[in-house]
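First the structure, in the form of structure tokens, and then the observations on it.
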Amino acid sequence: MKVHGLSEERSALRSVQAMAVQLPEVAGHPNRTPFSGVLTLVDQPSTKPPSGARGHRVILTRAAAVAALPSLLGMAVDYAPAWDGHDARRKCGIITHADVEGPRLHVAGYLYARDFPEVERQMRQCTPGAMGMSWELADAHVEDMRAEIWKLTRATFTGAAILLRDKAAYRDTRFELGAPARREIAACRTFTARAHRTFRGGTTLRRTETRKEETWKARQAKLWGR
Amino acid sequence: MESQTGETLGALTAGPETFEARMEARLEAAVSLFERTLALLEERQSAVAGEVQKIVAAVENNQASARENELERKLEAAEQRIAELQAQRESEAKPARRTVPATTAQFLAKQGLSTLDSVEAGALDAALTGLSLEQRIAVKAQLLRAGVLG
Numbered sequence: 001m002k003v004h005g006l007s008e009e010r011s012a013l014r015s016v017q018a019m020a021v022q023l024p025e026v027a028g029h030p031n032r033t034p035f036s037g038v039l040t041l042v043d044q045p046s047t048k049p050p051s052g053a054r055g056h057r058v059i060l061t062r063a064a065a066v067a068a069l070p071s072l073l074g075m076a077v078d079y080a081p082a083w084d085g086h087d088a089r090r091k092c093g094i095i096t097h098a099d100v101e102g103p104r105l106h107v108a109g110y111l112y113a114r115d116f117p118e119v120e121r122q123m124r125q126c127t128p129g130a131m132g133m134s135w136e137l138a139d140a141h142v143e144d145m146r147a148e149i150w151k152l153t154r155a156t157f158t159g160a161a162i163l164l165r166d167k168a169a170y171r172d173t174r175f176e177l178g179a180p181a182r183r184e185i186a187a188c189r190t191f192t193a194r195a196h197r198t199f200r201g202g203t204t205l206r207r208t209e210t211r212k213e214e215t216w217k218a219r220q221a222k223l224w225g226r
Numbered sequence: 001m002e003s004q005t006g007e008t009l010g011a012l013t014a015g016p017e018t019f020e021a022r023m024e025a026r027l028e029a030a031v032s033l034f035e036r037t038l039a040l041l042e043e044r045q046s047a048v049a050g051e052v053q054k055i056v057a058a059v060e061n062n063q064a065s066a067r068e069n070e071l072e073r074k075l076e077a078a079e080q081r082i083a084e085l086q087a088q089r090e091s092e093a094k095p096a097r098r099t100v101p102a103t104t105a106q107f108l109a110k111q112g113l114s115t116l117d118s119v120e121a122g123a124l125d126a127a128l129t130g131l132s133l134e135q136r137i138a139v140k141a142q143l144l145r146a147g148v149l150g
């Protein structure tokens, strides 16, 4: 398992911060179904007050979300039988990829499709776009508890849930089966290459390393394209 | 202190059901007071620090149901505790051995109350009619201390 580092890329169009855990490739794995989704929005108030926020809507700041990305990788996605909340004891998948692109925190990973056929069934049966996502945070720091909208400046992701979008505190989340769109992968790939350079101390990549990077990019594109 | 003792004696003389009902009410009040205090303290502490232990980005009705479940669990625990206390009190209220002064026992035997396992109030009053008010109070106090009178 490889972990690619966190970095910050400020392109001409938008900024992207991303991280990924690369699992070994297993062709036709019967218990792995890729998923992707938008876990939350950053720097935007939630549509409704989240549970545990004492009736306050919340804003997860971009800085807090980016700082918490490492805690998100490897966390489970769970679901409640009524698709209306979290059930930490029904962990049906794992998050292997997370990136903040613009106002959206994208995630991707795998569902344990054979172990939890009901999740895949629900995804096939529900109307497109009906399912969303929800995070679970621990040790969140609120800038001002008396504020009408709580601003979360520090937090740790402890999990995520698949649920009906109207049950999520952020209405604009989504959850889909299948690998993320190419645009999203490209953003992450670009970041990963940049992160590699950062680890090398900002020095110019040698030709062999450039070749390695290109090979890795091609392998990733093939993986996600499947 | 005296008023509490008087209240307890009054409750004892009024009957076990009244005493249990009062104990239940007082326990329930104490439990709810503790819960309110705890919630207030937690709220104040977290408000000062700005820390929140757990937030879940699911809508509030889930929180309500979770809160309801938590309260139900607490209520069950409180009811169980009350039942335990009641059982404990009942076992304490039945002393293994009842000791009544010999003179009192003899006097009551003369009046026809030979067994002291259960003395009815009417029979006792009838038996004590020949005594003065102070003597009647003294006898009743002795019986109360011995646990003959409930």
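Chains V and A, in that order, give the protein sequences.
Using this note's numbering, you'd call the opening residue of the first sequence number 1 and step up by one each time.
Using this note's numbering, you'd call the opening residue of the second sequence number 1 and step up by one each time.
Every residue, glycine too, gets a C-beta built ideally from N, C-alpha and C.
Does the beta-carbon distance from Thr156 of chain V to Asp139 of chain V come in below 8 Å? Translated into positions along the first sequence, residue 156 of chain V becomes position 156. Translated into positions along the first sequence, residue 139 of chain V becomes position 139. Contact: yes.
At a cut of 8 Å, does the region 103 to 123 of chain V reach the region 83 to 92 of chain V through at least three beta carbon pairs? yes
Apart from the five residues just before and just after Arg54 of chain V, which ones in its own chain have a Cβ nearer than 7 Å to its Cβ? Your numbering for residue 54 of chain V matches position 54 in the first sequence. Cβ within range, chain order: n/a, list empty.
Alpha-carbon spacing of Glu120 of chain A relative to Glu84 of chain A, whole angstroms: Taking the first residue of the second sequence as 1, we reach residue 120 of chain A at position 120. Taking the first residue of the second sequence as 1, we reach residue 84 of chain A at position 84. Taking the straight line from one Cα to the other gives about 29 Å.
Beta carbon of Gln135 of chain A, beta carbon of Pro101 of chain A: below 8 Å? Here residue 135 of chain A corresponds to residue number 135 of the second sequence, with the count starting at 1. Here residue 101 of chain A corresponds to residue number 101 of the second sequence, with the count starting at 1. In this structure, Gln135 of chain A sits away from Pro101 of chain A, with a CB-CB distance that is not shorter than 8 Å.
Using DSSP bridges, identify the partner residues of His97 of chain V. Here residue 97 of chain V is taken as the residue at index 97 of the first sequence, counted from 1. By DSSP's assignment, His97 of chain V forms a beta bridge with V:Ala20, V:Ala108.
Checking 8 Å against the spacing of the C-beta atoms, do Ala58 of chain A and His86 of chain V come in under that value? Within the second sequence, the letter at position 58 stands for residue 58 of chain A. Within the first sequence, the letter at position 86 stands for residue 86 of chain V. For Ala58 of chain A and His86 of chain V, yes; Cβs fall inside 8 Å.
Can you give me the Cβ contacts of Met123 of chain V inside the same chain, cut-off strictly under 6 Å, excluding the 5 residues immediately before and after it? As a working mapping, residue 123 of chain V is identified with position 123 in the first sequence. Contacts found: Leu177.
Should Pro128 of chain V be labelled buried (16 or more other beta-carbon atoms within 10 Å of its own) or exposed? Taking the first sequence and counting its residues from 1, the one referred to as residue 128 of chain V is at position 128. Per the 10 Å Cβ criterion, exposed.
What does DSSP give as the partner residues of Phe35 of chain V in its beta bridges? Here residue 35 of chain V refers to the residue found at position 35 of the first sequence. According to DSSP, Phe35 of chain V bridges with V:Gly109, V:Leu177.
What does the alpha-carbon distance come out to for the pair Leu144 of chain A and Ala87 of chain A? Walking along the second sequence from the start, residue 144 of chain A turns up at place 144. Walking along the second sequence from the start, residue 87 of chain A turns up at place 87. Those two C-alpha atoms are separated by around 21 Å.
Can you tell me whether Ser229 of chain V is helix, strand or coil according to DSSP? Past the edges of chain V, shown from 1 to 226, lies residue 229 of chain V, and the structure says nothing about it.
Rounded to whole angstroms, what is the Cα-Cα separation between Thr18 of chain A and Ala127 of chain A? In the second sequence, residue 18 of chain A corresponds to position 18, counting from 1. In the second sequence, residue 127 of chain A corresponds to position 127, counting from 1. The alpha-carbon atoms of Thr18 of chain A and Ala127 of chain A are separated by roughly 27 Å.
What separation, rounded to the nearest whole angstrom, lies between the Cα atoms of Val38 of chain V and Asp172 of chain V? For this step, residue 38 of chain V is matched to residue 38 along the first sequence. For this step, residue 172 of chain V is matched to residue 172 along the first sequence. Whole-angstrom Cα-Cα distance: 8 Å.
If you scan the region 96 to 134 of chain A from start to end, which runs of the alpha helix (DSSP H) of 4 or more residues do you find wholly inside it? 102 to 110, 121 to 127
Is Pro50 of chain V helix, strand or coil when you go by DSSP? The count along the first sequence starts at 1 and reaches residue 50 of chain V at position 50. Three-state DSSP puts Pro50 of chain V in coil, outside helix and strand.
Quick check on Asp166 of chain V: does DSSP put it in helix, strand or coil? Taking the first sequence and counting its residues from 1, the one referred to as residue 166 of chain V is at position 166. Asp166 of chain V falls in the helix class under three-state DSSP.
Suppose you measure from the CA of Cys188 of chain V to the CA of Ala18 of chain V; what does that come to, to the nearest Å? Locating residue 188 of chain V in the first sequence gives position 188, where the first residue counts as 1. Locating residue 18 of chain V in the first sequence gives position 18, where the first residue counts as 1. Below a pLDDT of 50, predicted positions are generally treated as unreliable, and Cys188 of chain V, at 48, falls in that range; no measurement from the model is reported.
Any idea which residues DSSP pairs Thr153 of chain V with across the strands? Within the first sequence, the letter at position 153 stands for residue 153 of chain V. DSSP output for Thr153 of chain V lists no bridge partner at all.
Secondary structure of Leu41 of chain V, DSSP reduced to three states: Your numbering for residue 41 of chain V matches position 41 in the first sequence. In the structure shown, Leu41 of chain V sits in a strand (DSSP, three-state: E or B).
Leaving out five residues on either side along the sequence, give the residues of the same chain with a beta carbon under 6 Å from the beta carbon of Arg57 of chain V. Position 57 of the first sequence, counted from the first residue, corresponds to residue 57 of chain V. Result list for Arg57 of chain V: Pro45, Ser46, Pro49, Ile149, in chain order.
Determine the direct distance from the alpha carbon of Thr33 of chain V to that of Trp224 of chain V, and round the result to whole angstroms. As a first step, residue 224 of chain V must be located in the first sequence, where it is residue number 224. As a first step, residue 33 of chain V must be located in the first sequence, where it is residue number 33. Those two C-alpha atoms are separated by around 12 Å.
Using a C-beta to C-beta distance shorter than 8 Å, which residues of chain V count as neighbours of Ala58 of chain A? As a first step, residue 58 of chain A must be located in the second sequence, where it is residue number 58. In chain order: Pro50, Ser51, Asp84, Gly85, His86, Ser134, Ala161, Leu163, Lys167, Ala168, Ala169.
How far does the alpha helix (DSSP H) with Glu120 of chain V in it reach, from first residue to last? Residue numbering aside, residue 120 of chain V sits at position 120 when the first sequence is read from its first letter. Note, Glu120 of chain V: alpha helix (DSSP H), 117 to 125.
With His106 of chain V and Pro24 of chain V assumed to form a contact (beta carbons below 8 Å), what rounded beta-carbon distance in angstroms separates them? The residue given as residue 106 of chain V occupies position 106 in the first sequence. The residue given as residue 24 of chain V occupies position 24 in the first sequence. The C-beta distance from His106 of chain V to Pro24 of chain V rounds to 23 Å, too long to fall under 8 Å, and the pair is not in contact.
Could one say the Cβ of Glu42 of chain A lies closer than 8 Å to chain V's Cβ atoms, at least one of them? To locate residue 42 of chain A, count along the second sequence from 1; it is residue 42. No, its Cβ sits nowhere closer than 8 Å to a Cβ of chain V.
Leu27 of chain A versus Glu20 of chain A: straight-line alpha-carbon distance, rounded: As a first step, residue 27 of chain A is located in the second sequence; it is residue number 27 there, counting from the start. As a first step, residue 20 of chain A is located in the second sequence; it is residue number 20 there, counting from the start. Spanning the two alpha carbons is a distance of roughly 10 Å.
Arg57 of chain V bridges to which residues according to DSSP? As a first step, residue 57 of chain V must be located in the first sequence, where it is residue number 57. BP columns for Arg57 of chain V point to V:Ile149.
Please name the residue in V:Leu111, V:Ala20, V:Phe175, V:Leu137 whose C-alpha comes closest to that of Ala64 of chain V. Start at 1 with the first residue of the first sequence, and residue 64 of chain V comes out as number 64. For the set V:Leu111, V:Ala20, V:Phe175, V:Leu137, the Cα lying nearest the Cα of Ala64 of chain V is the one of V:Leu137.
Here's a check: name, in chain order, each residue in its chain whose Cβ is nearer than 8 Å to the Cβ of Leu73 of chain V, leaving out the five neighbours to either side. Residue numbering aside, residue 73 of chain V sits at position 73 when the first sequence is read from its first letter. These residues qualify, in order along the chain: Val3, Met19, Ala20, Val21, Ile95, Thr96, His97, Ala98.
Bridge partner(s) assigned by DSSP for Val141 of chain V: By one-based count along the first sequence, residue 141 of chain V stands at place 141. Note that residue 141 of chain V is His in the sequence shown here, rather than Val. Paired residues: V:Arg154, A:Glu51.
Measuring CA to CA, which of A:Phe34, A:Glu24, A:Val48 is closest to Arg146 of chain V? Numbered from 1 along the first sequence, position 146 holds the residue referred to as residue 146 of chain V. Taking only the C-alpha atoms, the option nearest Arg146 of chain V is A:Val48.
At a CB-CB cut-off below 9 Å, which residues of chain A make contact with His141 of chain V? Here residue 141 of chain V refers to the residue found at position 141 of the first sequence. Under the 9 Å cutoff, chain A gives Ala49, Gly50, Glu51, Val52.
Name the chain A residues that come within less than 9 Å of Leu137 of chain V, Cβ to Cβ? Counting from 1 along the first sequence, the entry for residue 137 of chain V is found at position 137. Per Cβ cutoff of 9 Å: Val52, Lys54, Ile55, Val56, Ala57.
Check the Cβ-Cβ distances between Val58 of chain V and every residue of chain A, and say whether any is below 8 Å. Working through the first sequence from its first residue, we reach residue 58 of chain V at position 58. For Val58 of chain V, the answer is yes, since a Cβ of chain A falls inside 8 Å of its Cβ.
Would the beta-carbon of Gly52 of chain V fall within 8 Å of that of Val56 of chain A? In the first sequence, the residue the question calls residue 52 of chain V occupies position 52. In the second sequence, the residue the question calls residue 56 of chain A occupies position 56. In contact: Gly52 of chain V and Val56 of chain A (Cβ atoms closer than 8 Å).
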